[in-house]
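Residue numbers (numbering that gives the first Met the number 0), protein chains in the order written: chain A, 0 to 327; chain B, 0 to 327; chain C, 0 to 327; chain D, 0 to 327.
Protein chains: 4
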Amino acid sequence: MKIFSVSIHIIMKIIESLMDETTLPHPLRGIIPPMVTPLLDRDTLDIQGLERLIERILAGGVHGLFILGTTGEGPGLSFRLRHELIERTCTQVAGRVPVLVGISDTAYAESLNIAQKAKHAGAQAVVLAPPYYYPAGQPELLEYLEHLVSELTLPLFLYNMPSHTKLEFDPETILKATDIPGIIGLKDSSANMFYFNRVKYLLQDKPEFSLLIGPEELLGETVLLGAHGGISGGANLFPKLYVDLYNAAVAHDIKRVHILHDKVMLMRATIYSVGKYNSSLLKGLKCALSYLNICNDFMAEPFHRFREAERKIIIQHLDKFKEYIEAE
Amino acid sequence: MKIFSVSIHIIMKIIESLMDETTLPHPLRGIIPPMVTPLLDRDTLDIQGLERLIERILAGGVHGLFILGTTGEGPGLSFRLRHELIERTCTQVAGRVPVLVGISDTAYAESLNIAQKAKHAGAQAVVLAPPYYYPAGQPELLEYLEHLVSELTLPLFLYNMPSHTKLEFDPETILKATDIPGIIGLKDSSANMFYFNRVKYLLQDKPEFSLLIGPEELLGETVLLGAHGGISGGANLFPKLYVDLYNAAVAHDIKRVHILHDKVMLMRATIYSVGKYNSSLLKGLKCALSYLNICNDFMAEPFHRFREAERKIIIQHLDKFKEYIEAE
Amino acid sequence: MKIFSVSIHIIMKIIESLMDETTLPHPLRGIIPPMVTPLLDRDTLDIQGLERLIERILAGGVHGLFILGTTGEGPGLSFRLRHELIERTCTQVAGRVPVLVGISDTAYAESLNIAQKAKHAGAQAVVLAPPYYYPAGQPELLEYLEHLVSELTLPLFLYNMPSHTKLEFDPETILKATDIPGIIGLKDSSANMFYFNRVKYLLQDKPEFSLLIGPEELLGETVLLGAHGGISGGANLFPKLYVDLYNAAVAHDIKRVHILHDKVMLMRATIYSVGKYNSSLLKGLKCALSYLNICNDFMAEPFHRFREAERKIIIQHLDKFKEYIEAE
Amino acid sequence: MKIFSVSIHIIMKIIESLMDETTLPHPLRGIIPPMVTPLLDRDTLDIQGLERLIERILAGGVHGLFILGTTGEGPGLSFRLRHELIERTCTQVAGRVPVLVGISDTAYAESLNIAQKAKHAGAQAVVLAPPYYYPAGQPELLEYLEHLVSELTLPLFLYNMPSHTKLEFDPETILKATDIPGIIGLKDSSANMFYFNRVKYLLQDKPEFSLLIGPEELLGETVLLGAHGGISGGANLFPKLYVDLYNAAVAHDIKRVHILHDKVMLMRATIYSVGKYNSSLLKGLKCALSYLNICNDFMAEPFHRFREAERKIIIQHLDKFKEYIEAE
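In structure tokens, the structure reads:
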């Protein structure tokens, strides 16, 4: 049974989009940091911070840049600001690495709007989590993907993030989605290795489909088992650590994986564990970047930057561990 | 300890907003249906359907109208269409009952935008669920409310909807929120009577704060126990049934409550239970309204209207039960 | 389609069991307190405390007594002690009210053992929650009931308690279970009024099947809507309060329901809310009973009695509210 | 601050227990299959099946045997049968590998009873999941462990199994438990690699504490990252596959890990995925063992053996894949 049909017109659009100046590797591999969004206030970008942050990340040798994801506070930003961020990021990156743009939204039309801005600004791909308000069924989710992809002009990564979206892409839905031209990869942030192993097993005949892991604690083991890379939040702060861990895993250098994995675990045990809320990773990252004079730590509602007490702890951690973490 | 401060300026704005032509009763009581949004396609209102629907609902004797809620597919609509709906609804209602407008969004700035449109169009209040992507803590949620309300020019109802937002307003957060001028009520759609009873108990000294129940299966018992009314989805279809049930409960006419409650349970067992997804209530309502020639049953992504098989079942239910449900 | 067959032999056993000296009313109505189990240490009953507790509860005018439930710490007690408790309780009650005995266990054979002791000791019914370790499907659960009931010699109440058992009896499973001779009622402790209303609606043609509510905060509203009574934990402490609330609801005396319901809410806000764990209700009850010299407050593992700090708060609550709660 | 005190008496008992004839390695390493329990009917062991099953498993080169766990249907068996199984298993194994005995129960006294039988029968260790009915807090859980271990005469493995027990041992609780003499390891069946990585990170200074993984899909990656072995259900059927995978991971032979891991994933995709319930792994294993004439496939309530339709599918899978899975 055929699930959907794709017109020549759409195939042409996909082909065209894949011929863009910065060609996306198939599959996309490596470390693609989910960039935090530097803000001065609720609706103002920290433009100089943004430039410094991009340069710091690129200097670490990363293989791409993902903006407007969860770490980037995408769903909390006005559409005006999202558009500005897309343009400034693409201009600053200037084709050195592929730029991936988050377009997740509860409204189909708004996801499409962002995707058009991304294409126009010169991004290389878009990234979409399931619409995160209504409890759609998996067949509905697949139809939604088919409709949306037929209107997109950039290739699409799926983004599995059930802790924030409630709804997840079932492994079988992922498998069906690989047959939709234009869907080229998955970022799995479920932190569920049952799920990841299942998806990987189902996709063994799809070597061009990119499997990227979200949670950085799982980067080492998933790349060892065959994942193509990671969307590692910590790479905003210490990009080289994650690139090195990725390279060690690709090289099957288990001893080095152990050493670098322990540094990632130290990040979790220190920078990401201050304060009592689940948002501690985001706040810790922005606070640390601010202390290092990279960018402002203002956060979009409903969050606020760490106050003095938490900031002090972050600073202590950084002063104590920064050199160890960054060491070769 | 003072949790927040409010400037004279803000108080004046609140007072001003409360002096609008259509004064909101304190507390707001009765049946305020969460109106479905009639659509012709993904980004086009069914304008004539909208007019017919509003007239049908108002003819049932309801006490207000709530647009852009969960039943109204609010989070799935483009902002352009939301603005159009607000204007057309306010024009059509023309002050006959208060209009409440849903402004829930993951982006603070976008919630504020809709609220301004609502004020400008002549709505009487706005309704806000917690931002539904990030896992905010309760103190963060309270700060978010304080910030937002200080910029609003209409009074605000809180909307507790954990099945869709993950995050809920804790009863203690509700209690604190009652001290923020401009927050005047709660719509509780948790379907959790522990929660509702707890909130009601905490608010026993706040007689002007409106406590409204979402799920219509709980309308009878909550009004008997002292709730002020309900935001009953079924009132799109049979408004008088819910108004009658509300009145019977207010009058402590238990026998009549039993009879009308059983009709509501029949709605659940028939119109709301077709198809296998959690969205069956929305789809059943739109399908039934379409069969009755009230409005189109097109649905926003990620849903689609009932196809032939489900529609047939809805029609059978309607043909069999409509007269019984609408009977005196 | 026939789901199961019952031999003449089994039907005779059921009939025989229903002819016992203390006949169970059909449906069983009223307040049946889930008795706490007074302990001196891990495997020793507080025998005198048990006698005082039973007399206090019966003096409140209750309609039955339920032992070895969740409030009775049943699953935490050795089988030896459970057997002793069954015998002593039946002897002390001496037929004044029906005694219901919890037989929930993960092992079928052990549930059956307790049921036989209950029958032998003169109890009137047994009470069973789903086996609470493995994730059985609903058809498996129904088969399990059919097998078990065919070997029981006392009528059975189902006990829905998903917070502790994970697994629940689906409303449709309850409906099917009403066709198994010997299953005569449901205690619903889900605190989910959607569930309760759904079950009640499905069972409208089963007037002899007893629907009893667990959480006491929901006693008033459920009896108003037609439930037959409640298994109210607070009735260990203040049995008359719950009997009065039940009677007021049966009499449709809404004003009196409001007054008594508020006293129950006060119990929740004081006695049941000390300490930070979900077990605060159990600990609060035992601590209060100990302060009133009814029985020892020793608790079975993994719990321990309130220590000095929490005990002081319980005492303050009791000293302040006891007379108000017990007042006419 | 000292959390607990241990008397000389208890220390002596622990030392004595550690001096048993079959000394447990520290840490225990390798594959310790969670043995299924062969049954003829609800309360009768399949004695010959048990002997054949033990011999088949031991022939695969496993490093221990774990009975009365989740795969062994422990919580569903009568205590009489559990005792019989312990004795027969210890007799049959006769010291060739360590025997670990599950003692999880909701009643402290019953857990202690089983542990005494295990000691008496000659087992080498006991295994305990949190008591799985009441929602204990972590400090309560730790006290419970301290109490229980002080009465045990065999070393104890913790068993983390939140899907079945609701309650889990927090990583910090595990860390504290490593200071209780007699607690020597953890079997983690959470399938949560965040949890596992966190525990491993916290225990980096406890090289003698054994970290064993439950879900076999995670065996390869966790041993690569430093886990000591696995409690792999599939080793009932194909013990050598799991021993080989363990050895490949210990040897850092990633290519071989990939090949063997894919065979494990094939087990999940075939033998473990028949029927629609979460119990499909248990049923699939027993059905396959029965088809191979190892033992009877009778299952304890609330489950039943696969019926003809499911059995056919299992047989097809076995006929197709058995040789591939068992191949070198």
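Glycine included, C-beta positions come from ideal geometry on N, C-alpha and C. Just so we're clear, the structure is a prediction, and the values are computed from it rather than from any experiment.
How far does the beta strand (DSSP E) with B/Asp40 in it extend, from its first residue to its last?
Residue numbering aside, residue 40 of chain B sits at position 41 when the second sequence is read from its first letter. Here the beta strand (DSSP E) through B/Asp40 covers 38-40.
So, for D/Lys116: in the same chain, excluding its five sequence neighbours on each side, which residues have a beta-carbon less than 7 Å away from its beta-carbon?
Residue mapping note: residue 116 of chain D aligns to position 117 of the fourth sequence, counting from 1. Only His82, Ile85 meet the Cβ criterion.
Name, going along the chain, the residues of the segment 293-307 of chain A whose beta-carbon falls closer than 8 Å to a beta-carbon of chain B.
When C-beta distances to chain B are compared with 8 Å, the residues of the segment 293-307 of chain A below that value are Ala299, Glu300, Pro301, Phe302, His303, in chain order.
Looking at the structure shown, is B/Leu288 part of a helix, part of a strand, or coil, going by DSSP?
Residue numbering aside, residue 288 of chain B sits at position 289 when the second sequence is read from its first letter. Helix, per DSSP.
Taking the Cβ atom as the reference point for each residue, do B/Gly73 and B/Gly101 lie within a distance shorter than 7 Å?
For the purposes of this step, residue 73 of chain B is identified with residue 74 of the second sequence, where counting begins at 1. For the purposes of this step, residue 101 of chain B is identified with residue 102 of the second sequence, where counting begins at 1. Yes, they are a contact pair.
How should D/Tyr245 be labelled, buried or exposed, when 16 other C-beta atoms within 10 angstroms of its C-beta is the threshold for buried?
Here residue 245 of chain D is taken as the residue at index 246 of the fourth sequence, counted from 1. Under a 10 Å Cβ-count criterion, D/Tyr245 is classified as buried, with 16 or more other Cβ atoms of the shown protein chains found around its own Cβ.
Determine, using beta carbons only, whether B/Leu76 comes closer than 7 Å to chain A.
Residue 76 of chain B sits at position 77 when you count from the first residue of the second sequence. Judged by the 7 Å Cβ criterion, B/Leu76 is in contact with chain A.
With 7 Å as the limit, tell me which residues of the segment 165-178 of chain A have their beta carbon closer than that to any beta carbon of chain B; keep them in chain order.
Flagged, chain order: Lys165.
Please decide whether A/Tyr331 counts as near chain D, where near means a Cβ-Cβ distance under 7 Å.
Residue 331 of chain A is absent from the model: chain A starts at 0 and stops at 327.
Could you round the C-beta distance between A/Tyr241 and A/Glu215 to whole angstroms and report it? I think they count as a contact, below 8 Å.
Taking the first residue of the first sequence as 1, we reach residue 241 of chain A at position 242. Taking the first residue of the first sequence as 1, we reach residue 215 of chain A at position 216. Going by Cβ atoms, the distance from A/Tyr241 to A/Glu215 rounds to 7 Å, so yes, they are a contact pair.
Same chain only: Cβ atoms within 6 Å of D/Leu201, ignoring 5 sequence neighbours per side:
Within the fourth sequence, numbered from 1, the residue matching residue 201 of chain D stands at position 202. Within the same chain, D/Leu201 has close Cβ partners Pro170, Leu174.
Neighbour flag for B/His251 against chain C, beta carbons, 7 Å
Within the second sequence, residue 251 of chain B is the residue found at index 252, counting from 1. Taking Cβ atoms only, chain C reaches closer than 7 Å to B/His251, which makes this a yes.
Quick check on the burial criterion: 16 or more other C-beta atoms within 10 angstroms. Buried or exposed for D/Arg95?
Taking the first residue of the fourth sequence as position 1, residue 95 of chain D is located at position 96. It is exposed - the Cβ of D/Arg95 has fewer than 16 other Cβ atoms within 10 Å.
Can you tell which of D/Pro32, D/Val125, D/Ala106 has its C-alpha closest to the C-alpha of D/Pro154?
On the fourth sequence, residue 154 of chain D is found 155 positions in, with the first residue counted as 1. For D/Pro154, the closest alpha carbon among the candidates D/Pro32, D/Val125, D/Ala106 is that of D/Val125.
Chain C partners of D/Leu140, CB-CB under 9 Å?
For the purposes of this step, residue 140 of chain D is taken as residue 141 along the fourth sequence, with counting starting at 1. The contacting residues are Pro301.
Partners in chain D for A/Gly219, counting only beta-carbon separations shorter than 8 Å
Taking the first residue of the first sequence as position 1, residue 219 of chain A is located at position 220. Under a criterion of Cβ atoms nearer than 8 Å, the residues of chain D adjacent to A/Gly219 are, in order, Leu224.
So, is the C-beta of C/Gly48 closer than 7 Å to a C-beta in chain D?
If you number the third sequence from 1, residue 48 of chain C lands on position 49. Residue-level contact by beta carbon fails for C/Gly48 and chain D, as no gap is shorter than 7 Å.
Anything in chain A within Cβ reach of B/Asp42, meaning under 7 Å, just list it in chain order.
Here residue 42 of chain B is taken as the residue at index 43 of the second sequence, counted from 1. Going along chain A in sequence order, the residues near B/Asp42 (Cβ under 7 Å) are Ala108.
DSSP three-state call for D/Ser189: helix, strand or coil?
In the fourth sequence, residue 189 of chain D corresponds to position 190, counting from 1. Reduced to three states, the DSSP call for D/Ser189 is coil.
Alpha carbon of A/Leu99 to alpha carbon of A/Gly29, nearest angstrom
Within the first sequence, numbered from 1, the residue matching residue 99 of chain A stands at position 100. Within the first sequence, numbered from 1, the residue matching residue 29 of chain A stands at position 30. In a straight line, the C-alpha of A/Leu99 is about 13 Å away from that of A/Gly29.
Candidates B/Ala250, B/Arg304, B/Glu220, B/Phe302, of which the one nearest B/Val263 by Cα
Translated into positions along the second sequence, residue 263 of chain B becomes position 264. The shortest CA-to-CA distance from B/Val263 to any of B/Ala250, B/Arg304, B/Glu220, B/Phe302 is the one to B/Glu220.
Could you tell me whether any Cβ in chain A is nearer than 7 Å to the Cβ of B/Ala135?
Position 136 of the second sequence, counted from the start, is the residue given in the question as residue 135 of chain B. Taking 7 Å as the CB threshold, B/Ala135 lines the interface with chain A.
Backbone CA spacing between A/Pro238 and B/Ala128 [nearest angstrom]:
Working through the first sequence from its first residue, we reach residue 238 of chain A at position 239. Working through the second sequence from its first residue, we reach residue 128 of chain B at position 129. Cα-Cα distance, rounded: 37 Å.
Specify, as a first and last residue, the run of the alpha helix (DSSP H) that C/Ile173 falls within.
To locate residue 173 of chain C, count along the third sequence from 1; it is residue 174. Taken as a continuous stretch (DSSP letters only), the alpha helix (DSSP H) holding C/Ile173 covers 170-176.
Taking A/Glu150 as the reference, which of A/Ala106, A/Glu139, A/Met160, A/Ala114 has the closest Cα?
Working through the first sequence from its first residue, we reach residue 150 of chain A at position 151. The shortest C-alpha to C-alpha distance from A/Glu150 to any of A/Ala106, A/Glu139, A/Met160, A/Ala114 is the one to A/Ala114.
Using only alpha-carbon positions, find the residue among D/Asn112, D/Gln123, D/Arg79 that is nearest to C/Glu109.
Taking the first residue of the third sequence as 1, we reach residue 109 of chain C at position 110. Relative to C/Glu109, the option among D/Asn112, D/Gln123, D/Arg79 whose CA is nearest is D/Arg79.
Spatial neighbours of B/Met71 in its chain, beta-carbon cut-off 7 Å, leaving aside the 5 residues before and after
On the second sequence, residue 71 of chain B is found 72 positions in, with the first residue counted as 1. Sequence check: residue 71 of chain B is Gly here, not Met. Pro33, Met34, Val35, Thr36, Gly101.
List the residues of chain C whose Cβ lies closer than 7 Å to the Cβ of D/Thr105, in chain order.
Residue 105 of chain D sits at position 106 when you count from the first residue of the fourth sequence. Correct list: Pro74, Gly75.
Proximity to B/Arg270 [Cα-Cα], best of B/Arg255, B/Ser289, B/Ile253, B/Asp252
The count along the second sequence starts at 1 and reaches residue 270 of chain B at position 271. One detail in the question is off: residue 270 of chain B reads as Ile in this sequence, not Arg. Of the listed residues, the one whose Cα sits closest to B/Ile270 is B/Ser289.
How is the beta strand (DSSP E) around D/Val273 delimited, first residue to last?
For the purposes of this step, residue 273 of chain D is taken as the residue at position 274 of the fourth sequence. Counted as a single uninterrupted DSSP element, the stretch harbouring D/Val273 is not any beta strand (DSSP E), since DSSP gives it neither H nor E.
Closer than 7 Å, Cβ to Cβ, to anything on chain E: give me those residues from the segment 180-212 of chain C, in chain order.
Judged by its chain identifiers, the structure shown contains no chain E, and its protein chains are A, B, C and D.
Rounded to a whole number of angstroms, what is the C-alpha to C-alpha distance between D/Lys319 and A/Gly232?
On the fourth sequence, residue 319 of chain D is found 320 positions in, with the first residue counted as 1. On the first sequence, residue 232 of chain A is found 233 positions in, with the first residue counted as 1. The C-alpha of A/Gly232 is placed about 44 Å away from the C-alpha of D/Lys319.
Taking CB distances under 7 Å as the criterion, tell me whether C/Asn277 reaches chain D.
Position 278 of the third sequence holds residue 277 of chain C. C/Asn277 counts as touching chain D.
Here's the rule: buried if 16 or more other CB atoms are within 10 angstroms of the residue's CB, otherwise exposed. What is A/His119?
Residue mapping note: residue 119 of chain A aligns to position 120 of the first sequence, counting from 1. Exposed, because fewer than 16 other Cβ atoms sit within 10 Å of the Cβ of A/His119.
Let me know the secondary structure DSSP gives C/Pro33 once reduced to three states.
Taking the third sequence and counting its residues from 1, the one referred to as residue 33 of chain C is at position 34. Three-state DSSP puts C/Pro33 in a strand.
Confirm the yes/no value for this check: CB of D/Ser278, any heavy atom of the ligand NAD, distance under 6 Å.
No copy of the ligand NAD appears in this structure; indeed no ligand is present at all.
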